[in-house]
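Participant: Please see the structure below; I have some questions.
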Amino acid sequence: MSTKDYYALLEVGRNANIDEIKKAYKKLALKYHPDRNPGNKEAEEKFKEITSAYEVLSDPEKKASYDSYGHEGAGGFDFSQAAGDFSDIFNDFFSGGFGESRRSKAKRSTLGVPGSDLRYDLEITLEDVFKGIQAPIHYVTNVKCGACQGTGSEGAIKPVQCHTCRGSGRVRAQQGFFTIERTCTMCYGEGEIVQNKCKKCGGNGRRRDEVNISVSIPRGIEEGAKVRVSGKGEAGAKGGKSGDLYVYVKIVPHKIFTRNKADLYCKVPVKMTLAVLGGEIDVQSIDKAKIKVKVPEGTQTGTKLRCREQGMPYMNSNVRGDLYVQVVVETLNPKTLTKKQIELLKALEEEENVQQHPEGFFSKVKKK
């Protein structure tokens, strides 16, 4: 175990930031890499030392411990381990040129490949929003094969380790001074081989199938809101976790009501005589209940009459918003009036003229 100063090994100051540490390691690693110095034990030892230093100083926790307690705090680094482990650290650093590292590959192989999240657009009515519903959802995705329990092998027998790459999913090839890693062509990067493929899924461990579930849509949900259904997305591969299903809500436009959060708005025709004299009208709310709405005398078109707590419920609550009834005063159609109604209207017009004593146009001109 070396007790050399890690900062000195990388030829940086103790105040060096992570970018400076990476730059220094890259320069020295390329210089002392065993593939560039075949048979040179000193270069190999130097490569191990700088790689050890980089692994500590590039990790915030290890670096802090090393800065405080030296090699004992960092736990040191055993140079007797296989050179391949140092190469893995090197490959992690140069992952852009060397592909996925063995350690990353091993981790992925252990945890499996997680399934993708899925999106489902659901159209519901305003009445559905008012009461909340259990919505039936139908979609097609990759599901875990029941015949092989996701193993891809007949009889659910676990795959065997690939003998070519020894489970890493990658093989090494010499190219000039460097050893380049490539995806194993025997197992296609999986690190394991299914010897007796499942007939149902073809060895994939997953298969396309229709999924039918019921999703709870809470009352009062807003347009564009999403409901997450855990584990109902695409099935994971190689024992990986399934993705989630996200149900996005779209509310179908209503024929009568418009909505603003928990408040509802509607337009209601009112007879001219009722608007003038005042009275009451019946309005049906979103829950089909009949509401008596008082119309003040002299009400004009566009007037909004407020009905408290007759709107939509707030999300997951029994408290409701308000209903606003906008008055539209109906104009009388002479074609539908009786002779008596027409006579009464004419009499009303004459009475208005008498009361107002309108000044004629020519009279106004004479005054000027």
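Under the numbering used here, think of the first position of the sequence shown as 191, with each following residue one higher.
Every residue gets a Cβ at the ideal spot worked out from N, C-alpha and C, and that includes glycine.
#1: In chain order, what residues of the same chain have a beta carbon less than 8 Å from the beta carbon of Gly430, not counting five sequence neighbours either side?
#2: Please identify the residue among Lys390, His223 and Arg510 whose C-alpha is closest to the C-alpha of Phe320.
#3: So, with DSSP's three-state summary, where would you put Ala363?
#4: By the three-class DSSP mapping on this structure, what secondary structure does Ile441 have?
#5: Take the Cβ of Pro486 as the centre, count every other Cβ of all protein chains shown within 10 Å, and call the residue buried at 16 or more, exposed below.
#6: Ile407 and Asp318: beta carbons closer than 8 Å?
#7: At a Cβ threshold of 8 Å, is Glu542 touching chain D?
#8: Using the three-state DSSP reduction, which class does Gln474 fall into: helix, strand or coil?
#9: Report yes if the CB atom of Thr373 is closer than 8 Å to the CB atom of Gly381, and no otherwise.
#10: In angstroms, rounded to a whole number, what distance separates the CA positions of Gly266 and Asp209?
#11: When you compare each of Gly393, Val439, Lys389 and Ala425 to Glu413 by their alpha carbons, which one comes out closest?
#12: For Pro559, does the three-state DSSP call read helix, strand or coil?
#13: Mark Val246 as exposed unless 16 or more other C-beta atoms lie within 10 angstroms of its C-beta, in which case mark it buried.
#14: Pull the bridge partners of Pro459 from the DSSP assignment, please.
#15: Could you name the residues of the same chain whose beta carbon sits closer than 8 Å to that of Leu527, not counting the 5 residues immediately before and after it, in chain order?
#16: Could you tell me which residues DSSP puts in a beta bridge with Gly469?
#17: Does the ligand FAD have even one heavy atom less than 7 Å from the beta-carbon of Ala479?
#18: With DSSP as the reference, label Lys494 as helix, strand or coil.
#19: Please report how far the alpha carbon of Gln500 lies from the alpha carbon of Gly468, in whole angstroms.
#20: State the DSSP-derived secondary structure class of Asn227, mapped to helix, strand or coil.
#21: Could you work out which residue in Asp195, Tyr244, Gly229 and Pro228 is closest to Lys217 when comparing CA atoms only?
#22: Please go through the same chain and pick out, in chain order, the residues whose beta-carbon is closer than 7 Å to the beta-carbon of Val483, but skip the five residues on each side of it.
#23: Please identify the residue among Pro224, Lys194 and Ala214 whose C-alpha is closest to the C-alpha of Glu256.
#24: With respect to the beta strand (DSSP E) encompassing Asp399, which residues constitute its N-terminal and C-terminal limits?
#25: Does Lys431 come out as helix, strand or coil in the three-state DSSP assignment?
#26: Please list the terminal residues of the continuous beta strand (DSSP E) segment that includes Lys416.
#27: Going by the DSSP bridge assignment, what does Gln351 pair with across the sheet?
#28: Rounding to the nearest angstrom, what Cα-Cα distance links Val330 and Ala425 in this structure?
#29: To the nearest angstrom, report how far apart Gln490 and Met462 are at their CA atoms.
#30: For Gly393 versus Cys377, is the C-beta distance shorter than 8 Å?
#31: Is DSSP giving Tyr504 helix, strand or coil here?
#32: Going by DSSP, name the residue or residues bridged to Lys480.
Facilitator: Concretely, from the data shown:
#1: Counted from its first residue, the sequence shown places residue 430 at position 240. Here the set comprises Leu301, Gly302, Val303, Pro304 and Gly305.
#2: As a working mapping, residue 320 is identified with position 130 in the sequence shown. For the residues Lys390, His223 and Arg510, the minimum Cα distance to Phe320 belongs to Arg510.
#3: As a first step, residue 363 is located in the sequence shown; it is residue number 173 there, counting from the start. Correct three-state label for Ala363: strand.
#4: One-based indexing of the sequence shown puts residue 441 at position 251. Ile441 falls in the strand class under three-state DSSP.
#5: As a working mapping, residue 486 is identified with position 296 in the sequence shown. Exposed, by the Cβ-count rule.
#6: For this step, residue 407 is matched to residue 217 along the sequence shown. For this step, residue 318 is matched to residue 128 along the sequence shown. In contact: Ile407 and Asp318 (Cβ atoms closer than 8 Å).
#7: In the structure shown, chain D cannot be found, because there is only a single protein chain.
#8: Within the sequence shown, numbered from 1, the residue matching residue 474 stands at position 284. Note: Gln474 maps to strand in three-state DSSP.
#9: Here residue 373 corresponds to residue number 183 of the sequence shown, with the count starting at 1. Here residue 381 corresponds to residue number 191 of the sequence shown, with the count starting at 1. No, Cβ-Cβ distance for Thr373 and Gly381 is not below 8 Å.
#10: Within the sequence shown, numbered from 1, the residue matching residue 266 stands at position 76. Within the sequence shown, numbered from 1, the residue matching residue 209 stands at position 19. Residue placement at Gly266 is poorly supported in this model, since its pLDDT is 44, which falls under 50; the coordinates are not used for a value here.
#11: Counting from 1 along the sequence shown, the entry for residue 413 is found at position 223. Cα-wise, what sits closest to Glu413 is Val439.
#12: No information on residue 559 is available, as it lies outside the stretch 191 to 558 that the chain covers here.
#13: Within the sequence shown, numbered from 1, the residue matching residue 246 stands at position 56. Label assigned to Val246: buried.
#14: Stepping through the sequence shown from its first residue, residue 459 is reached at position 269. DSSP output for Pro459 lists Val518 as bridge partner(s).
#15: On the sequence shown, residue 527 is found 337 positions in, with the first residue counted as 1. Only Leu535 meet the Cβ criterion.
#16: What you label residue 469 is simply residue 279 of the sequence shown in a count that begins at 1. For Gly469, which the question treats as bridged, DSSP gives the partners Val485.
#17: With respect to small molecules bound, the structure shown includes none, and the ligand FAD cannot be examined in it.
#18: Position 304 of the sequence shown, counted from the first residue, corresponds to residue 494. Correct three-state label for Lys494: strand.
#19: Start at 1 with the first residue of the sequence shown, and residue 500 comes out as number 310. Start at 1 with the first residue of the sequence shown, and residue 468 comes out as number 278. Answer to the nearest angstrom: the Cα atoms are 22 Å apart.
#20: Here residue 227 refers to the residue found at position 37 of the sequence shown. If DSSP states are grouped into helix, strand and coil, Asn227 belongs with coil.
#21: Start at 1 with the first residue of the sequence shown, and residue 217 comes out as number 27. Ranking the options by Cα distance to Lys217, first place goes to Tyr244.
#22: As a first step, residue 483 must be located in the sequence shown, where it is residue number 293. Excluding positions up to five away in sequence, the list reads Glu470, Ile471, Val473, Leu495, Cys497 and Val515.
#23: As a working mapping, residue 256 is identified with position 66 in the sequence shown. Per the sequence presented here, residue 256 reads as Tyr, with Glu not at that position. For the residues Pro224, Lys194 and Ala214, the minimum Cα distance to Tyr256 belongs to Lys194.
#24: Along the sequence shown, one-based indexing puts residue 399 at 209. Counting along the chain, the beta strand (DSSP E) containing Asp399 begins and ends at Arg396 to Ile407.
#25: Working through the sequence shown from its first residue, we reach residue 431 at position 241. Coil, per DSSP.
#26: Within the sequence shown, residue 416 is the residue found at index 226, counting from 1. That run of the beta strand (DSSP E) goes Lys416 to Val419.
#27: Here residue 351 corresponds to residue number 161 of the sequence shown, with the count starting at 1. Looking at the DSSP assignment, Gln351 forms a beta bridge with Glu382.
#28: Indexing the sequence shown from 1 puts residue 330 at position 140. Indexing the sequence shown from 1 puts residue 425 at position 235. Computed Cα separation, rounded: 12 Å.
#29: Here residue 490 is taken as the residue at index 300 of the sequence shown, counted from 1. Here residue 462 is taken as the residue at index 272 of the sequence shown, counted from 1. Each residue's Cα considered, the two are about 9 Å apart.
#30: Within the sequence shown, residue 393 is the residue found at index 203, counting from 1. Within the sequence shown, residue 377 is the residue found at index 187, counting from 1. No. Outside cutoff.
#31: Counting from 1 along the sequence shown, the entry for residue 504 is found at position 314. Note: Tyr504 maps to coil in three-state DSSP.
#32: Here residue 480 corresponds to residue number 290 of the sequence shown, with the count starting at 1. Beta-bridge pairing links Lys480 to Gln474.
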